[in-house]
């Protein structure tokens, strides 16, 4: 027994020494101590791996772009385009020429001045990739610099969305130095030099863990207050650290412990917990919200038939989806029948009336008329994306209720992304249905809503095909008078609810969570990090 | 000895070759496409096709395979599809956190498990033995992530003693390096403590029944000398084997702990690469881990002769 006692005595001595050392270390913050007041630590939603916001449409790269680059125009909270790097523009030759001037004194991070030639080269590169840029490219005759600070866009025909295109919020035309922008659009840039409010610190970049930005001392913010994506982008924090913490529970604990300041995309079922903590607050930064959509594959039966897509719409009860995906009724709309966001200027709901309540019998009848006879319907279920997974389960259940023979293909998100791009037959590696989401002001316009593109082979996966609808969208985009656009928009919306490029399953908000002492957070439709200060 | 080492190293080459072929085929034959992920959530099928061509993913598998093998022979593990950085550089950046976590976990486990195992064997059948074995069963049974969350709630959120997440390099601050390692080490260490304690107990039980132990006691040696110098030393071969293979397993298998504590180690590099189908990174990491297994096994074999003089190479 004495030996046991001695054993435990030795062990406890060792443990005491270890605890003492720990205590010693826990009191020391060491040389690592940053000026926390001037450093914003953000838990980002994804791992930044690609630095080229033209080459990829990944949201995380776009957010990186907004820190490092600036845009010529940006939309305000009324979704009006406002000058950003531009000082203004003139419309000449009855709308066939746009002469745009840059603000003087703008500089890139390497100290070189921002010139009209940089803007021209950047716009050309962007037009080669972005869908709205491609539309603009198709009506553009030339883009040339006139002098150091002015350039001119000449059009082949009138197109009323030139400034709107340059101001678009998602995947915008970021302005890069000419030498960088000369990189072919299908080749990744490697030099992250921009003229935005923050400078990317390449030597501190740890992919999969941390991205660091420091304040750009040469950045000249506009004098207007920050308003959505427009206005003054005041870099009030000296340093921004993006931390990639894939485990949401860990991210929540880090926020609660004060190790991080800003949680970009907390799971929606965390919101109640976050709101109960007086040291934290949730902020709704997206007045438009997120639109959930079911995308049918228009290449194959039954969804190549309008009636089958209408049947699908008759099976959707948006509130069922929202209860499962979001939970908290304060964060979703019970019904939204607009393809262009219910809160936007274009948020009309014409045509949605027959689909406000589910009608299983009607759905069964329409499926029969479309020739559906119990064949397997392949539904892609992304099991590693909580919200998409939940929505897909509701979809599967509603299809089964209508007697549809559902073949659920459980996959991870990356497999889904590649599979949804496959044009194969559903039973040979293709699919019938998948779920995704979109948001922001781009969704609010027929011409920039990527899932609303109905140009058949040239549409996004699912290949919605309605050239008549596409012609209406083109007519809408040619029209420069907002009042004259309205009736065209109404026609577009009615038509869309008939041919259904996709089926809306709901609209909801994704708030961010931050420390309560953070102020000045801009409701820009996505997380942006200018204007934020700690008080 | 040297001949044995050379022979062992040469015999690993076919193993690594088979690993290379299997990994390459598994990746290419499994669903998923890096081009689709790179293109982004709103990309069109044409965008994806363009990126596939650019990355050379549209080339025949054989051409891709021999291209990769050709690079490997020259010591070039290729470049990450996403980051455009050398795979070896990426692995090199992740070695420190994983190695630190693996070594601290093993040290924690050895310090705790070997005395516990010896004690349990020495007092076999008593309440001490039963308590230690109950702890071992529990530590084995509770999922690692649950232990991790529990420790975070207690030590980070309630007591505010230790950080929730992250890793700080030892070069930047020794104090912060240790503080960030404590919780992950305890989380992962408990499982290995349980494993080692059971192995130590089982081996010690066998040894303690040997004649020479009885002789040692009859000679009047103290119980601690009998236990440590006579029993434990002779029981060390299986224990060392478990420690060695445990360390190799840790280097390749700390994914959960690295994820829970947001440690940017090799485990997370692997899981991120797998989720994004970053083929060169996955291939590189698996080859490196396979090589680590081989080297650790070799070192274990060589160490036997230190503990058991009868073993000669």
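Chains as they are written, first to last, in the working numbering: chain A, 1 to 535; chain B, 1001 to 1313.
We put the CB at the ideal spot given by N, CA and C, even for glycine.
Nothing here was measured: the structure is a model prediction, and the numbers come from that model.
Across which residues does DSSP place residue i in a beta bridge pair?
| i | result |
| --- | --- |
| residue 1008/B | Answer is none; residue 1008/B lacks a bridge partner. |
| residue 97/A | 92/A and 154/A |
| residue 230/A | 227/A |
| residue 281/A | 514/A |
| residue 102/A | 86/A |
| residue 1079/B | 1086/B |
| residue 293/A | 436/A and 504/A |
| residue 1331/B | Since the first residue of chain B shown is 1001 and the last is 1313, residue 1331/B is not available in this structure. |
| residue 145/A | 151/A |
Starting from the beta carbon of residue i, find every residue of chain B whose beta carbon is closer than 9 Å, and list them in chain order.
| i | result |
| --- | --- |
| residue 411/A | 1031 and 1032 |
Could you list which residues in chain A have their beta carbon closer than 7 Å to that of residue i, in chain order?
| i | result |
| --- | --- |
| residue 1152/B | 253 |
| residue 1276/B | 414 |
| residue 1243/B | Simply none; closest approach about 19 Å. |
| residue 1268/B | 208 |
| residue 1264/B | 206, 208 and 209 |
| residue 1149/B | 249 |
Give me the chain B residues within the contact set of residue i, using Cβ-Cβ distance strictly less than 8 Å, ordered along the chain.
| i | result |
| --- | --- |
| residue 47/A | 1272 |
| residue 37/A | Those within 8 Å of residue 37/A in chain B number zero; the least Cβ separation is about 19 Å. |
| residue 225/A | None at all; the shortest Cβ gap to chain B is about 30 Å. |
Could you name the residues of chain A that residue i contacts, counting a contact when the two beta carbons are closer than 8 Å?
| i | result |
| --- | --- |
| residue 1048/B | 418 and 421 |
| residue 1093/B | 206 |
| residue 1156/B | 253 and 257 |
| residue 1261/B | 250 |
Please list the partners that residue i has in chain B, where partner means a Cβ-to-Cβ separation under 7 Å.
| i | result |
| --- | --- |
| residue 246/A | 1259 |
| residue 50/A | 1038 and 1082 |
Should residue i be flagged as near chain D, meaning a C-beta pair shorter than 7 Å?
| i | result |
| --- | --- |
| residue 1164/B | Protein chains A and B are contained in the structure displayed, whereas chain D is not. |
Residues of chain A with CB closer than 9 Å to the CB of residue i, please, in chain order.
| i | result |
| --- | --- |
| residue 1236/B | In chain order: nothing, as chain A lies at least about 19 Å away. |
| residue 1044/B | 131, 421, 450, 453, 458, 459, 460 and 461 |
* Ranges of the beta strand (DSSP E) found wholly within the region 392-451 of chain A, counting only runs of at least 3 -> Entirely contained in the region 392-451 of chain A, the beta strand (DSSP E) runs reaching 3 residues are, in chain order, 405-411 and 433-439.
* Note down, in chain order, all residues in the region 163-191 of chain A with a beta-carbon under 9 Å from any beta-carbon belonging to chain B. => Residues passing the 9 Å Cβ filter: 170, 171, 186, 187, 188 and 190.
* the region 424-441 of chain A in contact with the region 284-299 of chain A per 3-pair CB rule at 8 Å -> With a cut-off of 8 Å, the region 284-299 of chain A and the region 424-441 of chain A count as touching, because enough Cβ pairs lie within range.
* Within the chosen definition, does the region 394-412 of chain A reach the region 374-381 of chain A through at least 3 CB pairs nearer than 8 Å? -> Contact holds: three or more Cβ-Cβ distances are below 8 Å.
* Touch check for the region 1237-1255 of chain B and the region 1123-1137 of chain B: three-plus C-beta pairs under 8 Å? -> Touching, no, given that fewer than three Cβ pairs across the two stretches are closer than 8 Å.
* Inter-stretch contact at 8 Å, needing at least 3 Cβ pairs: the region 324-341 of chain A / the region 495-506 of chain A -> Output reads yes: the region 495-506 of chain A touches the region 324-341 of chain A.
* Quick one: which unbroken beta strand (DSSP E) runs of 3-plus residues sit fully inside the region 183-271 of chain A? Chain order, please. => Runs found: 198-200, 210-215 and 239-243.
* Mind checking the region 253-271 of chain A against chain B and listing, in chain order, the residues whose C-beta falls within less than 7 Å of any C-beta there? => For the region 253-271 of chain A, the beta-carbon criterion of a distance under 7 Å to any beta-carbon of chain B is satisfied by 253, 254, 256, 257 and 259.
* Asked: Using a beta-carbon distance cut-off of less than 7 Å, what residues from the region 1066-1090 of chain B approach chain A?
  -> From the region 1066-1090 of chain B, only 1082, 1083 and 1084 have a Cβ closer than 7 Å to chain A.
* Asked: Is the region 1156-1171 of chain B close to the region 1256-1272 of chain B, with three or more CB pairs under 8 Å?
  -> The region 1156-1171 of chain B and the region 1256-1272 of chain B touch, with no fewer than 3 CB-CB distances between them shorter than 8 Å.
* Which ranges does the alpha helix (DSSP H) cover as unbroken runs of at least 4 residues, wholly within the region 31-69 of chain A, from first to last along the chain? -> Correct list: 59-68.
* **Under 9 Å (Cβ pairs) to chain B, residues found in the region 451-464 of chain A** => Answer in chain order: 451, 453, 457, 458, 459, 460, 461 and 463.
* To do: Check each residue of the region 1130-1143 of chain B: if its Cβ is closer than 8 Å to any Cβ of chain A, include it; give the result in chain order.
  => None of the residues of the region 1130-1143 of chain B has a beta carbon lying less than 8 Å from any beta carbon of chain A.
* To do: Can you give me, in chain order, the residues of the region 390-407 of chain A that have a beta carbon less than 8 Å from any beta carbon in chain B?
  => Taking 8 Å as the Cβ-Cβ cut-off against chain B, none of the residues of the region 390-407 of chain A qualify.
* Contact the region 232-243 of chain A vs the region 206-222 of chain A: 3+ CB pairs below 8 Å -> Touching, yes.
* Taking any Cβ of chain A, which residues in the region 1049-1062 of chain B have a Cβ under 9 Å from it, in chain order? -> For the region 1049-1062 of chain B, which is checked against every Cβ of chain A, the residues closer than 9 Å are 1049, 1050, 1051, 1053 and 1054.
* Going along the chain, which unbroken runs of the beta strand (DSSP E) with 3 or more residues stay wholly within the region 316-382 of chain A? -> Every beta strand (DSSP E) of 3 residues or more that sits fully in the region 316-382 of chain A is shown, in chain order, as 376-382.
* Asked: Which runs of the alpha helix (DSSP H) spanning at least 4 residues fall entirely within the region 1026-1068 of chain B, listed in chain order?
  -> Whole alpha helix (DSSP H) segments, 4+ residues: 1034-1039 and 1045-1055.
* Counting pairs of Cβ atoms below 8 Å between the region 95-110 of chain A and the region 162-179 of chain A, do you hit three or more? -> Under the Cβ criterion (8 Å, minimum of three pairs), the region 95-110 of chain A counts as touching the region 162-179 of chain A.
* To do: Report yes or no: do the region 1186-1205 of chain B and the region 271-286 of chain A share at least 3 C-beta pairs separated by less than 8 Å?
  => Contact fails: fewer than three Cβ-Cβ distances are below 8 Å.
* To do: Report the residue ranges of all alpha helix (DSSP H) runs contained in full by the region 1200-1251 of chain B; include only those spanning at least 4 residues, in chain order.
  => Runs of the alpha helix (DSSP H) inside the region 1200-1251 of chain B: 1211-1218.
* Asked: How about the region 347-364 of chain A and the region 78-92 of chain A: do they share at least three Cβ pairs that are nearer than 8 Å?
  -> No, the region 347-364 of chain A is not in contact with the region 78-92 of chain A.
* For the region 443-497 of chain A, list the alpha helix (DSSP H) runs that are entirely contained and at least 4 residues long, ordered along the chain. => Segments of the alpha helix (DSSP H) lying fully in the region 443-497 of chain A: 467-478.
* Can we say the region 1191-1208 of chain B touches the region 1114-1122 of chain B, given the rule of at least three CB pairs closer than 8 Å? -> Yes, the region 1191-1208 of chain B touches the region 1114-1122 of chain B.
* In the region 1092-1153 of chain B, which residue ranges form an unbroken alpha helix (DSSP H) of at least 4 residues, counting only runs that do not cross its ends? -> As far as the region 1092-1153 of chain B is concerned, its whole alpha helix (DSSP H) runs of at least 4 residues are 1127-1141 and 1144-1151.
* Taking 8 Å as the threshold, find out whether the region 289-296 of chain A comes into contact with the region 428-441 of chain A through three or more Cβ pairs. => Yes, the region 289-296 of chain A touches the region 428-441 of chain A.
* Mind the definition here: the region 1282-1295 of chain B touches the region 1020-1029 of chain B only if three or more C-beta pairs lie below 8 Å; say whether that holds. => Output reads yes: the region 1020-1029 of chain B touches the region 1282-1295 of chain B.
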